[in-house]
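Residue numbers (our numbering), protein chains in the order written: chain A, 8 to 246; chain B, 147 to 398.
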């Protein structure tokens, strides 16, 4: 087991159930996220990966419990989420970052230096004054990563962050995610890309129809025998 | 056909010889309708954006009523405002009946529902899917509404133009509360109505053409702004190589 699991979990779900109207999308999930983990959520379309991310991020109402580890001052761990298609305001790259910092409650004196640093980090400094929505798909995703990174989250949620990117942009975004994880950020990502899960994750979770089927360290997930649905997914028989 | 050509010529002549009476009427029309649109914008943008992001019991009913008010007959609005502002009405002490201020009040009543309903729809559509991302960044409902208004600012211009069009082209409300007093409350639409009733159809038509021309000019200005914005957003034209080189430069 990861040594991180020795600590109290940052987020803990018990019997978490999410319903959209009459449809139950997640069924009574028990799930813990520990500091420093890099978790990949795998599963077919509609298996509940994105819903689980949104639930962990605190964006969904649910049945069951969701406990968050508070720090000494009673604050929740800071979080950010990167969506598959990031929403960027019809403003410049710079103002998209500055507004994200304002929303995160960063003091005004710190906003500009942090925004500059974030742009350097994702290699977009030269595009600061361009309208954000004219950037290429890969650049937009990097800007969204910069926006998330700039608020220094302890927990970073990524919903299929490279799903619609070309191979080069995919590599850039993956490299950034790996760097952020190296810095100690706890990362949870949903993905269809098994190679990405192998490269980036320390733990892999397989979901099917809103149920957690497999939850193992990455090495064990890809080398040990899996339950039938997960084995079929891995062999490409389930998309 | 002949009278239409005559009217066109007359309109051209009136506009180019800088007829002071005509331009006083045009100026008052723009002033009254512009002020009403401004008031409509201030109230309607806030109310519309609020309705788009806040749910409460009876929300659907409020939206249905609001949409119904889009078809509010201007003469009915004029009558209600008249009753409020008349000497025996609850606001009679203001003493503003038959003044341009009363006309602004009446047109504001017409315009606020237009701006509110269209803004609500615009922001609600933008919030679908995107609102969650803004909330994920830490935005509360007021911030989501404000940011989506900024995001949709160019579409809002079209809404404001629609509202201005509604105000400047109505005749019932300003006629009732303004009284069509020459030199005081006479605007383009009430002048057209008056000249038509007097049988001076070429002059009425000429005024109509001037009215259309004024609205067309405003429309063109806004279309120009929107074109500029599209041009700016299609700055995607920056070649990928240049972008990469620029990134490399920034990194070095």
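All C-beta atoms in this analysis are idealised placements derived from N, C-alpha and C, irrespective of residue type, glycine included.
Who pairs with residue i in a beta bridge, going by DSSP?
| i | result |
| --- | --- |
| residue 224 of chain A | A/210 |
| residue 164 of chain A | A/88 and A/195 |
| residue 99 of chain A | A/138 |
| residue 36 of chain A | A/23 |
| residue 18 of chain A | A/40 and A/75 |
| residue 30 of chain A | A/27 |
| residue 215 of chain A | A/218 |
| residue 48 of chain A | A/197 and A/212 |
| residue 70 of chain A | A/24 |
Considering Cα atoms alone, identify which of the options is closest to residue i.
| i | options | result |
| --- | --- | --- |
| residue 335 of chain B | B/297, B/270 and B/313 | B/313 |
| residue 111 of chain A | B/315, B/205, B/253 and B/289 | B/289 |
| residue 142 of chain A | A/184, A/164, A/96 and A/159 | A/96 |
| residue 183 of chain A | A/129, A/70, A/243 and A/87 | A/129 |
| residue 19 of chain A | A/163, A/64 and A/214 | A/64 |
| residue 286 of chain B | B/300, B/240, B/199 and B/215 | B/199 |
| residue 168 of chain B | B/379, B/332, B/339 and B/366 | B/332 |
| residue 61 of chain A | A/171, A/94 and A/197 | A/197 |
| residue 215 of chain A | A/40, A/57 and A/175 | A/57 |
| residue 188 of chain B | B/309, B/274, B/243 and B/361 | B/309 |
| residue 90 of chain A | B/276, B/179 and B/225 | B/276 |
| residue 35 of chain A | A/49, A/59 and A/14 | A/59 |
| residue 156 of chain A | A/131, A/139 and A/192 | A/192 |
| residue 179 of chain B | B/376, B/248 and B/206 | B/248 |
| residue 166 of chain B | B/273, B/338 and B/329 | B/329 |
| residue 153 of chain A | A/189, A/200, A/101 and A/174 | A/101 |
| residue 236 of chain A | A/224, A/49 and A/31 | A/49 |
| residue 324 of chain B | B/164, B/232 and B/210 | B/232 |
| residue 134 of chain A | A/99, A/83, A/221 and A/166 | A/99 |
| residue 216 of chain B | B/349, B/278, B/264 and B/372 | B/264 |
| residue 258 of chain B | B/353, B/279, B/349 and B/183 | B/183 |
| residue 78 of chain A | A/170, A/15 and A/190 | A/15 |
| residue 186 of chain B | B/254, B/303 and B/358 | B/254 |
Say yes only if the C-beta of residue i is nearer than 6 angstroms to one or more non-hydrogen atoms of the ligand GDP, and no if none qualify.
| i | result |
| --- | --- |
| residue 104 of chain A | By its list of ligands, the structure shown contains no ligand whatsoever, and the ligand GDP lies outside what it can speak to. |
Do you know how far the Cα of residue j is from the Cα of residue i?
| i | j | result |
| --- | --- | --- |
| residue 319 of chain B | residue 195 of chain B | 27 angstroms |
| residue 228 of chain B | residue 104 of chain A | 51 angstroms |
| residue 222 of chain B | residue 252 of chain B | 10 angstroms |
| residue 392 of chain B | residue 148 of chain A | Only weak support exists for where residue 392 of chain B lies, its pLDDT of 40 falling under 50; the value from the coordinates is given anyway. Between residue 392 of chain B and residue 148 of chain A, the C-alpha separation is close to 18 angstroms. |
| residue 74 of chain A | residue 42 of chain A | 14 angstroms |
| residue 68 of chain A | residue 53 of chain A | 18 angstroms |
| residue 228 of chain A | residue 243 of chain A | 15 angstroms |
| residue 161 of chain B | residue 356 of chain B | 7 angstroms |
| residue 171 of chain B | residue 245 of chain B | 14 angstroms |
| residue 152 of chain B | residue 345 of chain B | 15 angstroms |
| residue 396 of chain B | residue 124 of chain A | Low confidence applies to residue 396 of chain B: its pLDDT is 36, below 50, so where it sits in the model is not reliable, and the reading given next is rough at best. One C-alpha to the other measures close to 12 angstroms. |
| residue 37 of chain A | residue 219 of chain B | 59 angstroms |
| residue 33 of chain A | residue 365 of chain B | 51 angstroms |
| residue 92 of chain A | residue 179 of chain A | 16 angstroms |
| residue 243 of chain B | residue 283 of chain B | 50 angstroms |
| residue 367 of chain B | residue 51 of chain A | 51 angstroms |
| residue 194 of chain A | residue 361 of chain B | 55 angstroms |
| residue 213 of chain A | residue 219 of chain A | 6 angstroms |
| residue 343 of chain B | residue 158 of chain B | 22 angstroms |
| residue 203 of chain A | residue 363 of chain B | 56 angstroms |
| residue 172 of chain A | residue 88 of chain A | 18 angstroms |
| residue 311 of chain B | residue 175 of chain B | 11 angstroms |
| residue 197 of chain B | residue 374 of chain B | 30 angstroms |
| residue 206 of chain B | residue 181 of chain A | 45 angstroms |
| residue 224 of chain A | residue 31 of chain A | 28 angstroms |
| residue 25 of chain A | residue 66 of chain A | 11 angstroms |
| residue 146 of chain A | residue 167 of chain A | 16 angstroms |
| residue 237 of chain B | residue 150 of chain A | 55 angstroms |
| residue 352 of chain B | residue 359 of chain B | 10 angstroms |
Can you round the beta-carbon distance between residue i and residue j to whole angstroms, since I take them to be within the 8 angstroms contact cut?
| i | j | result |
| --- | --- | --- |
| residue 306 of chain B | residue 269 of chain B | That belief does not hold up - the Cβ atoms of residue 306 of chain B and residue 269 of chain B are roughly 14 angstroms apart, past 8 angstroms. |
| residue 207 of chain A | residue 45 of chain A | 6 angstroms |
| residue 159 of chain A | residue 85 of chain A | 6 angstroms |
| residue 1 of chain A | residue 293 of chain B | One cannot answer for residue 1 of chain A here, as it falls past the ends of chain A, which runs 8 to 246. |
| residue 163 of chain A | residue 17 of chain A | Not a contact, Cβ separation roughly 12 angstroms. |
| residue 379 of chain B | residue 140 of chain A | 6 angstroms |
| residue 144 of chain A | residue 185 of chain A | Contact doesn't hold; Cβ gap of about 20 angstroms is too wide. |
| residue 302 of chain B | residue 295 of chain B | 7 angstroms |
Select from the segment 65-79 of chain A all residues with a C-beta closer than 8 angstroms to any C-beta belonging to chain B, and list them in chain order.
66
If the cut-off is 8 angstroms on Cβ atoms, which residues from the segment 102-119 of chain A count as contacting chain B, listed in chain order?
106, 107, 110, 111 and 112
What are the residues of the segment 192-208 of chain A that lie near chain B, defined by any Cβ-Cβ distance shorter than 7 angstroms?
none
Closer than 9 angstroms, Cβ to Cβ, to anything on chain B: give me those residues from the segment 138-150 of chain A, in chain order.
138, 140, 141, 142, 143 and 146
Relative to chain A, which residues along the segment 355-379 of chain B have a C-beta separation below 7 angstroms, given in chain order?
378 and 379
Output, in sequence order along the chain, the residues in the segment 260-282 of chain B whose CB is closer than 8 angstroms to any CB in chain A.
275, 276, 278, 279, 280, 281 and 282
In chain order, what residues of the segment 284-315 of chain B put their CB closer than 7 angstroms to some CB of chain A?
284, 285, 289, 293, 296 and 297
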